[in-house]
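This is the structure in structure tokens:
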């Protein structure tokens, strides 16, 4: 069953940070810090199995909707990737960017990469053409990169 706070197509063309709905009991950063290691494990092939397993255990324990009907062992055996994982990661990235820099503009470049434009920098948190933003392990690093881009834009 799909959680009503999830959208099937969380892309810059189909979604905005204003559409994002927090899940009860999770702040943006707390949820991102649990979703990101799982996303990195499945999407970036970085062999970060243990951080992903620990995050999945927490998501299951906290009754996060991504883990509805799944066990940690099923997910880790890659028999079943959590539905909406990519969409939730993208939505969290967009919500964090909006909360950090009000003027950050989310867009898809001509090659299909998701990115933010901050000032003249059109490559902030740019992913590749796989339909996601750049892979980050934690919200603090995302916020730091956004602040860097904002500071560069103000001094340019």
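Residue numbers (this note's numbering): 27 to 182. Each residue gets a CB set at the ideal place from its N, CA and C atoms; glycine is no exception.
Worksheet entry | Local conformation of residue 66 per DSSP, three classes | In the three-state reduction of the DSSP assignment, residue 66 falls in the helix class.
Worksheet entry | Coarse secondary structure for residue 147, derived from DSSP in three states | Residue state, collapsed to three classes: strand.
Discussion item. Please give the ranges of any alpha helix (DSSP H) in the region 123-173, keeping only runs that are unbroken, at least 4 residues long and fully inside the region.
Written reply: The region 123-173 contains no whole alpha helix (DSSP H) run of 4 or more residues.
Worksheet item: Considering only the beta carbon of each residue, do residue 141 and residue 149 sit closer than 8 Å?
Response: For the pair residue 141 and residue 149, the CB atoms are nearer than the 8 Å cut-off.
Item to complete: Kindly indicate which residue of 108, 84, 112 and 128 has the alpha-carbon position closest to the one of residue 52.
Response: Comparing Cα-Cα distances from residue 52 to each of 108, 84, 112 and 128, the minimum goes to 84.
Worksheet item: Could one say the Cβ of residue 157 lies closer than 8 Å to chain B's Cβ atoms, at least one of them?
Response: Of the protein chains in this structure there is only one, and it is not chain B.
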